[in-house]
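Below is one structure, written out as structure tokens; the observations come after it.
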Amino acid sequence: MGNRVKEHRVEKNLTQSDLAEAIGVTRQTIGLIESNKYNPSLKLCIAIARVLGVTLNDLFWEE
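Throughout, this note's numbering is defined as the position within the sequence shown, counted from one, plus 111.
Structure follows, in structure tokens:
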């Protein structure tokens, strides 16, 4: 299933660059996270969730 970072980012009308700048990483890092090619640290996951206004479960929980 993968994560839902892109889905929530698009809902907030943010580009990958916008999200990256808000949490202090590169746009490439966001792209890799969205494509499940990079496993972010818990600290980074929390930062993404805060910027997007969602919970970690909303972003990463697999059913």
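Cβ coordinates follow ideal geometry from the N, Cα and C atoms, glycine included.
One thing to note: asparagine 114 has its Cβ no nearer than 8 Å to the Cβ of isoleucine 134. Counting of Cβ neighbours within 10 angstroms places leucine 153 among the exposed residues, the total staying below 16. According to the DSSP assignment, glycine 142 belongs to the alpha helix (DSSP H) that extends over 138-145. Classified as exposed, leucine 167 has fewer than 16 neighbouring CB atoms from the shown chains inside 10 Å of its CB. Where lysine 154 is concerned, the enclosing alpha helix (DSSP H) starts and stops at 153-163.
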